[in-house]
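K.L.:
Dropping the structure here:
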């Protein structure tokens with residue numbers, strides 16, 4: 002279980018190509034926890050275990066160029082994410098994979114899906130923060 006907090010400055014591309022903020026992985030794409038700015042201009046959290054999606058959602062907040070505070074949290078059957086103090090999105094079903102690596106600014110493959118911007122602050126917590134705490138962190 003854990004929580005990721007980041008303050009990110011986005012270049013505001015018209016259609017993000019999955020700009021990854023950070024990914025926890027076992028050095029494969031089969032087991033990963035990814036926080037990224039998705040192709041729908043939203044904060045996304047995707048969790049895979051053994052190549053099966055365990056959790057996947059995008060925030061309701063669309064955005065463009067600018068600085069954003071982002072938080073995602075994960076625990077078995079309890080996943081959440083919040084963008085800039087907005088509504089907390091959740092997924093209440095899924096397992097958390099065993100991971101051993103942290104990738105910053107790229108996904109687990111290190112390919113073309115890199116962050117188009119800057120990470121001003123990145124904090125990792127070893128516990129899952131509550132929805133209220135995610136909103137406070139990102140306000």
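Numbering (our numbering), first residue to last: 2 to 140. Think of the CB as a built atom: it goes at the ideal place given N, C-alpha and C, for glycine as much as any other residue.
Excluding the five sequence neighbours on either side, which residues of its own chain have a C-beta within less than 7 Å of the C-beta of residue 37, listed in chain order?
P.N.:
If we look at residue 37 and ignore the five residues flanking it on each side, its Cβ neighbours are 19, 20, 21, 22 and 45.
K.L.:
So what does residue 53 bridge to, in DSSP terms?
P.N.:
Paired residues: 50.
K.L.:
Assuming residue 116 is part of the alpha helix (DSSP H), what are its boundary residues?
P.N.:
Residue 116 -> no alpha helix (DSSP H), and no H or E assigned at all.
K.L.:
Identify whether residue 68 lies in helix, strand or coil by the three-state DSSP scheme.
P.N.:
DSSP places residue 68 in strand when its eight states are reduced to three.
K.L.:
Measure the C-alpha to C-alpha separation of residue 49 and residue 30 and round it to an integer number of angstroms.
P.N.:
Spanning the two alpha carbons is a distance of roughly 8 Å.
K.L.:
In whole angstroms, what separates the C-alpha of residue 15 from that of residue 80?
P.N.:
Note that residue 15 scores a pLDDT of 47, beneath 50, so its modelled location is shaky; the value from the coordinates is reported in the next line. Cα-Cα distance, rounded: 28 Å.
K.L.:
If you follow the beta strand (DSSP E) that residue 94 is part of, which residue opens it and which one closes it?
P.N.:
Segment: none, residue 94 is in no beta strand (DSSP E) and carries neither H nor E.
K.L.:
Within the same chain, show all residues whose beta-carbon is closer than 7 Å to that of residue 39, passing over the 5 residues directly before and after it, in chain order.
P.N.:
Excluding positions up to five away in sequence, the list reads 17, 19, 45 and 59.
K.L.:
According to the neighbour-count rule (16 or more other Cβ atoms, all chains shown, within 10 Å of its Cβ), is residue 2 buried or exposed?
P.N.:
Exposed: under 16 other Cβ atoms inside 10 Å.
K.L.:
Determine whether the beta carbon atoms of residue 75 and residue 97 lie at a separation below 9 Å.
P.N.:
Yes. Within cutoff.
K.L.:
On the three-state DSSP scale, how would you describe residue 31?
P.N.:
If DSSP states are grouped into helix, strand and coil, residue 31 belongs with coil.
K.L.:
Going by DSSP in three states, residue 10 sits in which element: helix, strand or coil?
P.N.:
Residue 10 falls in the strand class under three-state DSSP.
K.L.:
Quick check: residue 1 and residue 25, are their CB atoms within less than 9 Å of each other?
P.N.:
Residue 1 lies beyond the residue range present for the chain, which begins at 2 and ends at 140; the question has no answer from this structure.
K.L.:
Please go through the same chain and pick out, in chain order, the residues whose beta-carbon is closer than 7 Å to the beta-carbon of residue 129, but skip the five residues on each side of it.
P.N.:
Cβ within range, chain order: 2, 3, 4, 74, 75, 76 and 79.
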